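Colleague: Encoded as structure tokens, here's the structure I'll be asking about.
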Amino acid sequence: MHPMLTKKTFCYTLFLLLFFTTKAVSAAVIKSPTDDRDYLAFTLPNQMKVLVISDPTTDKAAASVDVNVGSNANPENRLGLAHFLEHMLFLGTKKYPEADSYQQYISNNGGNHNAFTAFENTNYFFDIQADKLAPALDRFSRFFIEPLFTEKYVDRERHAVNSEYQSKLRDDGRRGFSAGKHVLNPAHSMSRFAVGSLETLSNDDGKLRDDLIAFYQRYYSANLMSLVVLGKEPVAQLKRLVEEKFSAVENRQAKPFISPVPLYRDLPEQQNIKTLQDLQQLTLTFPIQATRDYYREKPAQYIASMLGYEGKGSLLATLKNKGWANGLGAYRGNDLPDQSSIELSISLTDEGLKHSDQVIETTFAAIRLLQQKGVSEALYQEEQKISRIGFRFKEKSEPIHEVARLSHNLQLYPADSVISADYLMERFEPELINNILEQMTPDNLLVTLQAKTVETDQKDPWFQAGYSVKPISQERLQKWAHPATDPTLQVRQLNPFIADQFDIKPVAHPQQKPELILQQGGYSLWHKQDQIFRLPKADFFFSVISDQANRTAENAVMTALYTKLVSDQLNETLYDASLAGLDTRIYPHMRGLSVRISGYDDKQQQLLTQVVNALQQAQFTQSRFARIKENYAQELENSRRDKPFNQTIGEVYNLLLQSWNADKKLAALKSVTLEQLQSFIPQLLNRVEVRMLAHGNLTRTEALAMAQTVETALPAAQINANSHTLPVIMLPKDSELTQTLPLEHNDSAISVYFQGDNSETKTRAEYILLSEILSTPFYSSLRTEQQLGYVVFATALPMRKAPGLAFVIQSPNTNPVGLETQINTFIEHMTGTLKAMNKQQLDSFKSSVISRINQKENRMGELSERYWQEIDRGDTNFDSREKLVTAVRELSLDDLLRCYTQLPERRLTVRSFGEQHRDQVDKKALQQNCEPEIARLKVEGQFVPEA
């Protein structure tokens, strides 16, 4: 509703809508047999689609509104307007006019909020303490009833949108997406710039606010909205709450925007896009007819699953064996109401880049094989079985994620299928599958090749990415239309890891927490048989802790190479297991390496045996080693081009945890040979400690059997318990250490980190509570009011048990010296705010913090992860949350003020000067380096004391 409508008209409209609410249409919702939530779907008289979810056990309520309009409807003279509108709705409504009112209320009550603008839709969502849902919904609903669009924030927020745009200028994903618009039909709205900038959102004529309101009034209509609300109240009560809060949203009888033209126009053709990162990506896009109506059969998903398979005889396995690829993904691409696409994205090696035409030929050979032998009812039924098992034992997701997903699903599917639609594979329809395969021809192909070395002759005006577009020659098309037969390509075999047993095993000894059931000779095993989730799933972890893993940068990269090579060697097996709901991660860390196997417990022992055998019998070919080393070098090189604010935070960790940054790892990696790695592996695995956790549908006997499998393959030794700790460097008192990072980016960034002087529970509680108090005003002041950048936040930044607090900004318009000045000013100003705080305000912040600490795990794996982290930290009483909550409750205002005034005592600042800001400061500021001081502290043993 436009805020200019009179109060009398508004009240009368509200009365009519509430009066007729009883006529809302409701529908039953199909849910998983293990889902204990209640659902009710209905439509309000204003035609807003609604789903309410009752979960009496939840500690978080959540809501999401999905509006069926996005960047697709941007006016040609106001590109980015939909995204700009998304920003503006957060900045005050008639009932709650303060710009930070909504954010402050959500944050102060343990919640989170966000929104995103996609091509077809805009989604708004939040979560909050469960007992605060009604007031939060009242604030949220006003976005869609009477937003203010305050003039001063119109101008400020266009700068925020521009900052967001500027922050992504060196993001290869965004650059490639923007350059890719130039091969689309220019008459289709997807071909246009979508983010928004100062140029496209210019207010020189003073009409930006008018255009904003016009867009809102045209598309923000109840009949284009879907709402999902999750709370602990019964569905009838939630329904009444929705009726009360959202019936006043006006139904303007809006029609969704659809571009009435094909998305692609001039196929076949090839586009080359020059990247900044060291990546080599080949994407094959096949436009196909619309598939949304076939969500019950999923023909496109079946094809993507077959072509994206990574097991024996797969396209990826074949390309890997040729040394041409490291990874492959197949998926439905642009899925629009009137058209869709299937895309294959292949990560190329250097050799693969040289042989990209042969990679495409091999892909068409795989498509031909699928047409001839792969449209199989047996394989479809296997996919169907996996989907049905997944739905039968579907776990809860976090409320905030669930409502955002389901609110969009309400736009796509009938209300009764809003949950089940993603899992449905009701019947095998070979005609539908073959019809799509017939469209996957060289004549209907867009080839996109992204690499640093490609030749380009044009430049995208928005993200400055170099690109070229050329037709594909008849010679190449004929070659791909009649690909050579490749005997290594095979039709997918049936999956040996699909679970058959789903019994929940009886619990012989009920446990409140994991118990140490094995401790001998360097091995320890904690076990807890699940009694909460009651699912046929389990998590098994083991960590191999070695003092060799991170001793030097060379050791660190060899440990990483070892885990990557083992993962690659096992990939065909692990992919089958993953499809069957049994996931495996093998990963390095600062003290060694870890393995996690998660999912259905039926075949876990079988998979574990194969994993530990691969770790023990590590023999790698030179070609596999070269490919993995090349890929790892690219990964490290690309990490140096991560977002500047992420890199400044990462450097704080690198310095204080004594880890090796990307530059040092890259330098060490260059000289590592396969022979060195083979010699290093026995050293890595000599005199190790092995820690294990078994949690879920595993009996004590089964857990011990899995531990025995690990013991047999990985001999451990009794070692000094303190030899494998991970100490945190203690910053010297009254020091201000500064590190400058030389990054390639236009934006500047800064992380100002304050460290606690001990790791006692009380100190940790103080830092977490301070973070809660400071985060919203820091964002409001430096982002909303001062417009210093799009990325602005204050956060608790613990390392191991050592508490810390960080203030982080990435800015396109202010250098780090100026940013640090504003951070210092904010910190000084907040002293007065803290002194003026009363007990009631403090208790409110405490309540919010406690709700975050106590947030219930919705999935078994989340609880397993918490147990595993506590084992890693040595908190094997598994009561650290309870202790932290008690400490928060006991904090006084005096405690908080004392902690806050001591913040500056131990300070570390990491800065990065944007390329446009470097001439604003002297050279010394660009060369600050505190690594020698950090090294001295390490030698002297200056570490944060362990509690």
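One point on numbering: in the working numbering, the residue at position 347 of the sequence shown is 359, and numbering is uninterrupted.
Glycine is no exception: its CB is placed at the ideal position from the N, C-alpha and C atoms.
Values in this document were obtained by computation on a predicted structure and should not be read as measured data.
How is residue 36 classed by DSSP in three states: helix, strand or coil?
Modeller: The predicted model places residue 36 with a pLDDT of 44, which falls under 50 and marks its position as unreliable; any figure quoted below should be read in that light. Three-state result, residue 36: coil.
Colleague: Using CA atoms only, rank isn't needed, just tell me which of 120, 520, 85 is closest to residue 855.
Modeller: 120
Colleague: On the three-state DSSP scale, how would you describe residue 474?
Modeller: Under the three-state reduction of DSSP output, residue 474 falls in the coil class, being neither helix nor strand.
Colleague: Measuring CA to CA, which of 172, 117, 166, 156 is closest to residue 147?
Modeller: Answer by Cα proximity: 117.
Colleague: Assuming residue 611 and residue 549 are in contact, meaning their beta carbons sit under 8 Å apart, how far apart are those beta carbons, in whole angstroms?
Modeller: About 6 Å separates the two Cβ atoms, so the contact holds.
Colleague: Starting from residue 551, trace the beta strand (DSSP E) both ways and give me its first and last residue.
Modeller: 549-557
Colleague: Can you give, in chain order, each stretch of the alpha helix (DSSP H) that sits fully within the stretch 781-869 and has at least 4 residues?
Modeller: 828-848, 851-865
Colleague: Classify residue 123: buried if its beta carbon has 16 or more other beta carbons within 10 angstroms, exposed otherwise.
Modeller: Buried, since its Cβ has 16 or more Cβ neighbours within 10 Å.
Colleague: Between residue 258 and residue 60, which are expected to be in contact by the criterion C-beta below 8 Å, what is the C-beta distance as a whole number of angstroms?
Modeller: 6 Å
Colleague: Are there 16 or more other CB atoms within 10 angstroms of the CB of residue 757, so buried, or fewer, so exposed?
Modeller: buried
Colleague: Tell me, to the nearest whole angstrom, how far the beta carbon of residue 740 is from that of residue 933; I am working on the premise that it is less than 8 Å.
Modeller: Rounded, the Cβ-Cβ distance is 31 Å, inconsistent with contact.
Colleague: Look at the Cβ atom of residue 742, then the Cβ atom of residue 769, and state whether they are nearer than 9 Å.
Modeller: yes
Colleague: Give me, in chain order, the residues of the same chain whose beta-carbon lies closer than 7 Å to that of residue 939; leave out the 5 immediate sequence neighbours on both sides.
Modeller: 752
Colleague: In its own chain, which residues sit with a C-beta less than 7 Å from the C-beta of residue 307, not counting the 5 before and 5 after it?
Modeller: 425, 433, 436
Colleague: Going by the beta-carbon positions, is the gap between residue 849 and residue 547 smaller than 9 Å?
Modeller: no
Colleague: Along the chain, where does the beta strand (DSSP E) that runs through residue 75 open and close?
Modeller: Element bounds for residue 75: 72-79.
Colleague: Measure the CB-CB distance between residue 608 and residue 552 and report whether it falls below 9 Å.
Modeller: Yes, they are a contact pair.
Colleague: Give the secondary structure of residue 387 by DSSP, where H, G and I count as helix, E and B as strand, and everything else as coil.
Modeller: coil
Colleague: Mark residue 660 as exposed unless 16 or more other C-beta atoms lie within 10 angstroms of its C-beta, in which case mark it buried.
Modeller: buried
Colleague: State yes or no: is the C-beta of residue 277 within less than 9 Å of the C-beta of residue 88?
Modeller: no
Colleague: Looking at the strands, I want to know which residues DSSP matches up with residue 126.
Modeller: Paired residues: 137.
Colleague: In whole angstroms, what separates the C-alpha of residue 407 from that of residue 684?
Modeller: If I take the Cα positions, the gap works out to 44 Å.
Colleague: Count the other CB atoms, across all protein chains shown, that sit within 10 Å of the CB of residue 522; report buried if there are 16 or more and exposed otherwise.
Modeller: exposed
Colleague: Kindly identify the DSSP beta-bridge partner or partners of residue 482.
Modeller: 282
Colleague: In terms of residues, what are the limits of the beta strand (DSSP E) holding residue 611?
Modeller: 604-612
Colleague: Can you tell me where the beta strand (DSSP E) with residue 352 in it begins and where it stops?
Modeller: Here the beta strand (DSSP E) through residue 352 covers 351-360.
Colleague: Out of 566, 423, 477, 391, state which residue places its alpha-carbon closest to the alpha-carbon of residue 510.
Modeller: Nearest C-alpha to residue 510: 391.
Colleague: When you compare each of 653, 141, 902, 558 to residue 924 by their alpha carbons, which one comes out closest?
Modeller: Nearest option by C-alpha distance: 653.
Colleague: Please confirm whether residue 95 and residue 129 have their CB atoms less than 9 Å apart.
Modeller: yes
Colleague: Say whether the stretch 465-483 touches the stretch 575-590, bearing in mind that this needs 3 or more beta-carbon pairs closer than 8 Å, one atom from each stretch.
Modeller: no
Colleague: My guess is that residue 728 and residue 702 are in contact by the Cβ rule of under 8 Å, so how many angstroms apart are they, rounded?
Modeller: 5 Å
Colleague: Residue 139: which of 77, 785, 944, 395 sits nearest, CA to CA?
Modeller: 77
Colleague: Would you please state the rounded distance, in angstroms, between the beta carbons of residue 331 and residue 358? I believe it to be under 8 Å.
Modeller: 7 Å
Colleague: For residue 56, which option in 316, 749, 832, 260 has the closest C-alpha, if you only look at C-alpha atoms?
Modeller: 260
Colleague: Of the residues 641, 669, 576, which one's Cα is nearest the Cα of residue 606?
Modeller: 576
Colleague: My output table needs one value for residue 364: the three-state DSSP class, helix, strand or coil.
Modeller: Residue 364 sits in a helix when the DSSP states are folded into three classes.
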